[in-house]
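**Student:** Mind looking over this structure? Questions follow.
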Amino acid sequence: MIRNLVLILALGITLNANINTKVKNLLGSSTYNTHKNLINFIFAQKSSYYKNGQLNYTLVTQKLSNNNLLKLKFSTTKYINVNFKLIGKEKKSLLIVKDILKSLGHYYYFTKEANFTENELLWSIKLKTDVAINPLRLSQSLDKTNSKILNIIKEGSSDYTYVIDFTNSKLAKVEDLKINSQVTLKKPFRAYMLSVENATSLNINSNTGNRWHPNITFYDENMNILEIVKENSLKRSFKVDVPVDTSYVKIDDLYSLANLRRGISITKE
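Heads up, the sequence shown is in our numbering, so the first residue is 393 and it goes up one at a time.
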């Protein structure tokens with residue numbers, strides 16, 4: 393009985409220290425110290441903010457946002473330093489992060505550094521903005537890709553480091569051909585991306601009025617390119633073999649997506 397009580401108390405102390413440290417990292421020391429009592433009150437039920445032993449950043453940032461503790465706006469537009477430590481599936485993780493930045497309205501940045509190590513990518517950028525990356529929207533977007541934030545560290549008044557686990561990640565907004573044998577796709581606003589498994593070939597038919605120049609890229613699970621198929625002549629239908637170990641297929645026109653404006657139908661064989 394005493395032993396169980398000691399374990400429960402130890403777990404409570406560990407959760408308390410962990411969540412306080414993570415919130416302090418996210419908000420910065422100044423904001424955290426100013427609102428420490430409120431933060432302790434908000435996160436009094438520590439265990440409810442954990443999932444499978446990991447802090448649930450979506451719940452945490454939602455609470456901070458609801459209590460007006462996320463101060464993201466800068467007094468003026470400026471360049472800030474943003475570091476991403478991406479764990480697992482380096483190429484896919486970078487693609488996911490770039491897509492999320494775009495969806496959050498962050499277009500103006502340049503890469504300072506990109507270093508690959510075993511199972512990890514450090515991507516550092518200089519971002520021009522008048523508002524910091526919203527951690528709640530970032531976490532919600534990552535949830536859709538089965539990725540999770542491990543830590544957010546605010547450095548100084550405006551610079552940030554994000555540690556994100558992409559070990560079990562998947563691409564968002566991808567048409568699924570894993571289960572269905574056929575899909576019909578509408579006018580594209582960017583190249584079609586499909587999730588494909590156990591296919592030996594794809595039969596692609598453009599809808600009436602379309603003639604296109606096939607530009608098809610096959611990727612494995614980690615977004616390594618397996619093969620690229622290009623045709624310079626116009627096609628209404630096109631059959632292509634699928635390489636072994638293909639997980640994703642990108643379908644584009646060699647010159648302009650306008651050639652696919654009426655959509656296509658794809659059958660897995």
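From the three backbone atoms N, C-alpha and C, an ideal C-beta is built for every residue, glycine too.
Predicted, not measured: the structure shown is a model, and the values here were computed from it.
Less than 7 Å between C-beta atoms, sequence neighbours within five positions excluded: which residues of the same chain meet that for residue 536?
**Tutor:** Along the sequence shown, one-based indexing puts residue 536 at 144. Cβ neighbours of residue 536 beyond the five flanking positions: 564.
**Student:** Who are the near neighbours of residue 545 in its chain, counting only those whose CB is closer than 6 Å to its CB and skipping five residues on each side?
**Tutor:** For the purposes of this step, residue 545 is taken as the residue at position 153 of the sequence shown. Correct list, in chain order: 417, 553.
**Student:** Please go through the same chain and pick out, in chain order, the residues whose beta-carbon is closer than 8 Å to the beta-carbon of residue 603, but skip the five residues on each side of it.
**Tutor:** Looking up residue 603 in the sequence shown gives position 211. Here the set comprises 626, 627, 628, 651.
**Student:** Any beta carbon of chain D sitting closer than 8 Å to that of residue 432?
**Tutor:** Absence of chain D from the displayed structure is noted, only one protein chain being present.
**Student:** What is the C-beta distance between residue 593 and residue 632, in whole angstroms, given that I count them as a contact (C-beta under 8 Å)?
**Tutor:** As a working mapping, residue 593 is identified with position 201 in the sequence shown. As a working mapping, residue 632 is identified with position 240 in the sequence shown. Residue 593 to residue 632, Cβ: 6 Å. Contact.
**Student:** Who pairs with residue 474 in a beta bridge, going by DSSP?
**Tutor:** By one-based count along the sequence shown, residue 474 stands at place 82. Bridge partners of residue 474: 517, 552.
**Student:** Sorted by chain position, which residues of the same chain lie with C-beta nearer than 8 Å to residue 504's C-beta, five sequence neighbours on each side aside?
**Tutor:** As a first step, residue 504 must be located in the sequence shown, where it is residue number 112. Closer than 8 Å at Cβ, skipping near neighbours: 473, 516, 517, 518.
**Student:** Under 8 Å: do the stretch 484-496 and the stretch 442-462 share three or more Cβ pairs, one atom per stretch?
**Tutor:** no
**Student:** Which residues in the same chain have their Cβ closer than 6 Å to the Cβ of residue 541, if we skip the five residues on either side of it in sequence?
**Tutor:** What you label residue 541 is simply residue 149 of the sequence shown in a count that begins at 1. Cβ within range, chain order: 449, 531, 556.
**Student:** Hey, would you say the C-beta of residue 454 is under 7 Å away from at least one heavy atom of the ligand MG?
**Tutor:** The ligand MG is absent from the structure shown, which contains no ligands of any kind.
**Student:** Could you give the first and the last residue of the continuous beta strand (DSSP E) run that contains residue 632?
**Tutor:** As a first step, residue 632 must be located in the sequence shown, where it is residue number 240. Its beta strand (DSSP E) spans residues 629-633.
**Student:** Would you mind sorting residue 524 into buried or exposed? The rule is 16 or more other CB atoms within 10 Å of its CB.
**Tutor:** On the sequence shown, residue 524 is found 132 positions in, with the first residue counted as 1. Answer is buried; the Cβ neighbour count reaches 16.
**Student:** Which partner residues does residue 412 have in the DSSP bridge list?
**Tutor:** In the sequence shown, counting from the first residue as 1, residue 412 sits at position 20. Residue 412 pairs with nothing; no bridge assigned.
**Student:** Under 8 Å, do residue 514 and residue 483 count as touching if we go by C-beta distance?
**Tutor:** Looking up residue 514 in the sequence shown gives position 122. Looking up residue 483 in the sequence shown gives position 91. For residue 514 and residue 483, no; Cβs fall outside 8 Å.
**Student:** Do residue 558 and residue 480 count as a contact pair if the criterion is CB distance below 8 Å?
**Tutor:** Position 88 of the sequence shown, counted from the first residue, corresponds to residue 480. Position 166 of the sequence shown, counted from the first residue, corresponds to residue 558. Result yes, Cβ atoms of residue 480 and residue 558 sit closer than 8 Å.
**Student:** Mark residue 500 as exposed unless 16 or more other C-beta atoms lie within 10 angstroms of its C-beta, in which case mark it buried.
**Tutor:** Against the sequence shown, residue 500 aligns to sequence position 108. Classified as exposed, residue 500 has fewer than 16 neighbouring CB atoms from the shown chains inside 10 Å of its CB.
**Student:** Between the stretch 583-593 and the stretch 615-624, do at least 3 Cβ pairs fall closer than 8 Å?
**Tutor:** no
**Student:** Using the Cα positions of residue 584 and residue 570, report the straight-line distance between them to the nearest angstrom.
**Tutor:** Here residue 584 corresponds to residue number 192 of the sequence shown, with the count starting at 1. Here residue 570 corresponds to residue number 178 of the sequence shown, with the count starting at 1. If I take the Cα positions, the gap works out to 15 Å.
**Student:** If I follow the unbroken alpha helix (DSSP H) through residue 638, where does it start and stop?
**Tutor:** Here the question's residue 638 lines up with position 246 in the sequence shown. From DSSP, residue 638 is part of no alpha helix (DSSP H); its letter is neither H nor E.
**Student:** Would residue 610 pass as a contact of residue 641 if the rule is Cβ separation under 8 Å?
**Tutor:** Within the sequence shown, the letter at position 218 stands for residue 610. Within the sequence shown, the letter at position 249 stands for residue 641. Yes, Cβ-Cβ distance for residue 610 and residue 641 is below 8 Å.
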